[in-house]
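Trainee: Each residue of the sequence shown is one higher than the one before, starting from 48 at the first, in the working numbering.
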Amino acid sequence: MSGDEANGDESRAVGRRSRALKIAGLTLAGVLVLAAGAAGWAYWHLNDNIKGVDINSALGDNRPRKATPSATAEAEVLPTEALNILVLGSDSRDGAENQALGGGDSGGARSDTAMVVHLDAGRSEATVVSIPRDTLVTRPSCPLEDGGSTEVAHNAMFNSAYSVGGPVCAVKTAESMTDVRMDHYVEIDFAGFANLVDALGGVTVTTEEDIDDEDSHLTLEAGTHHLDGEQALALARTRHGIGDGSDLGRIELQQQLVKALLTQISATDLLTDPAKLYRVADAVTGSLTTDTGLDSLTELTGLGRSLQALSADAVTTVTLPVVRAPSDPNRVVAEEPEAGELWASLR
Numbered sequence: 048m049s050g051d052e053a054n055g056d057e058s059r060a061v062g063r064r065s066r067a068l069k070i071a072g073l074t075l076a077g078v079l080v081l082a083a084g085a086a087g088w089a090y091w092h093l094n095d096n097i098k099g100v101d102i103n104s105a106l107g108d109n110r111p112r113k114a115t116p117s118a119t120a121e122a123e124v125l126p127t128e129a130l131n132i133l134v135l136g137s138d139s140r141d142g143a144e145n146q147a148l149g150g151g152d153s154g155g156a157r158s159d160t161a162m163v164v165h166l167d168a169g170r171s172e173a174t175v176v177s178i179p180r181d182t183l184v185t186r187p188s189c190p191l192e193d194g195g196s197t198e199v200a201h202n203a204m205f206n207s208a209y210s211v212g213g214p215v216c217a218v219k220t221a222e223s224m225t226d227v228r229m230d231h232y233v234e235i236d237f238a239g240f241a242n243l244v245d246a247l248g249g250v251t252v253t254t255e256e257d258i259d260d261e262d263s264h265l266t267l268e269a270g271t272h273h274l275d276g277e278q279a280l281a282l283a284r285t286r287h288g289i290g291d292g293s294d295l296g297r298i299e300l301q302q303q304l305v306k307a308l309l310t311q312i313s314a315t316d317l318l319t320d321p322a323k324l325y326r327v328a329d330a331v332t333g334s335l336t337t338d339t340g341l342d343s344l345t346e347l348t349g350l351g352r353s354l355q356a357l358s359a360d361a362v363t364t365v366t367l368p369v370v371r372a373p374s375d376p377n378r379v380v381a382e383e384p385e386a387g388e389l390w391a392s393l394r
């Protein structure tokens, strides 16, 4: 082979390698562009999932004092001040999935689960206070979206606040009965809770007695069970199949579920499984309503990052101390001075 032929073959080989590298480079660039586009779409989708309610503007300044934020030297330092969050589980029937899980119509949503989540300063410990829905309270006058307001109601069930005035009235009623500032509001519906449990791969709970509740459609023998989303939701709604059939028995089951969810989240390394992380995030945001201080993915993520030192073992669950209401044996009222002392510890 002559030198010219050898040089020609080498030039052609170099040309093929160059074209191959160009194709590989263009392919990689395309993948990166698509990945960036997918990430951008995922962020937009998750962010768009969240529904926000401007509670601060609706309630104004006539509220309990807000905790003083801790000073931070840099903007990147995560907040560590104490925080109180009103968390409601709504039995809204909006949408086919909620109707399938809960039945009923879409016009009578109630807050069947109510918890005040108190994060201690430092956010490495937390207290979750469950408020029985049957607790009789003085429901204050609440502003409505049409510019009007609700009437003050004495001896009203706590969960009626959400029914008559939505999240704004739920927050105002909670603050009125506790004299504790609710820094944030979070609401999740039937479908959201069930989807979250499924996205996490289920939760494990241990029941101390057999459960057979025709209303929640749950039948379980006493013992340890790994529940999927629909079963976990049924457990959260169970009251007639356990104990005396009161709301207090259901609250105990809900508190077990809170701990089980925290344990499952801790045991699931979401950062190493982007697909599962997305499913969990989609489940959480897809059925979430918050105040405007948490209604973006950035704000929710910031809150989550500030809780990275919080473990399930550092979460204390308690129920508001109550006694049977003198006016109605089927209702309860806050027991004093125990209830007042509990709320004072959260300020």
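Built from N, CA and C at the ideal position, the CB exists for glycine as well.
If you reduce the DSSP assignment to three classes, tell me which class L354 lands in.
Mentor: L354: coil per DSSP, three-state reduction.
Trainee: Could you tell me the distance, in whole angstroms, from the CA atom of L344 to the CA atom of P214?
Mentor: Whole-angstrom Cα-Cα distance: 20 Å.
Trainee: State whether the stretch 355-368 contacts the stretch 174-181, with contact taken as three or more CB pairs (one from each stretch) at a distance under 8 Å.
Mentor: As far as the Cβ criterion goes, the stretch 355-368 touches the stretch 174-181, which means the pair count is three or higher.
Trainee: Please state the DSSP three-state secondary structure of K98.
Mentor: Here K98 sits in strand by DSSP.
Trainee: For T364, verify whether its CB is less than 7 Å away from any heavy atom of the ligand FAD.
Mentor: Only the bare structure without any ligand can be found here, which leaves the ligand FAD out of the picture.
Trainee: Nearest to L191 by alpha carbon, out of N202, A208, R371?
Mentor: The shortest C-alpha separation from L191 is found at A208.
Trainee: Could you tell me the distance, in whole angstroms, from the CA atom of L308 to the CA atom of T251?
Mentor: One C-alpha to the other measures close to 8 Å.
Trainee: Helix, strand or coil for A269 per DSSP?
Mentor: Here A269 sits in coil by DSSP.
Trainee: Taking its Cβ as the centre, do 16 or more other Cβ atoms sit within 10 Å of T348, making it buried, or is it exposed?
Mentor: The residue is exposed, with fewer than 16 neighbouring Cβ atoms inside 10 Å.
Trainee: Which complete beta strand (DSSP E) runs does the stretch 159-217 hold, if anything under 3 residues is left out?
Mentor: Taking only runs of at least 3 residues, the beta strand (DSSP E) segments lying wholly in the stretch 159-217 are 173-177, 183-186, 200-204.
Trainee: Under a three-way DSSP split, which group does T253 fall into?
Mentor: Correct three-state label for T253: strand.
Trainee: For R110, would you say it is in contact with chain B, using Cβ-to-Cβ distances shorter than 8 Å as the test?
Mentor: The chain labelled as chain B is not found in the depicted structure, where only one protein chain is given.
Trainee: Thinking P368 and A381 are a contact (beta carbons under 8 Å), I'd like their distance in whole angstroms, please.
Mentor: 7 Å between Cβ atoms; contact.
Trainee: If I measure Cβ to Cβ from L304 and keep anything under 8 Å in the same chain, skipping five residues before and after, which residues do I get?
Mentor: Cβ neighbours of L304 beyond the five flanking positions: V250, V252, A279, L282, A283.
Trainee: Does DSSP put S104 in a helix, a strand or coil?
Mentor: In this structure, S104 counts as helix in the three-state DSSP scheme.
Trainee: Hey, N131 and V163 are a contact pair by Cβ (cut 8 Å); roughly how many whole angstroms apart?
Mentor: About 6 Å; that satisfies the 8 Å criterion.
Trainee: Which residue marks the beginning of the alpha helix (DSSP H) containing P321, and which one marks its end?
Mentor: Here the alpha helix (DSSP H) through P321 covers 321-333.
Trainee: Can you name, in chain order, every residue of its own chain whose Cβ lies under 7 Å from the Cβ of A217, other than the five neighbours on each side?
Mentor: So the list reads L133, L135, S158, A208, Y209, once near-sequence residues are dropped.
Trainee: Count the other C-beta atoms from every protein chain shown that fall within 10 angstroms of the C-beta of S263, then say buried if there are 16 or more, exposed otherwise.
Mentor: Buried, since its Cβ has 16 or more Cβ neighbours within 10 Å.
Trainee: Taking 7 Å as the limit between beta carbons, can you name the residues of its chain near E346, skipping five residues before and five after?
Mentor: Excluding positions up to five away in sequence, the list reads G340.
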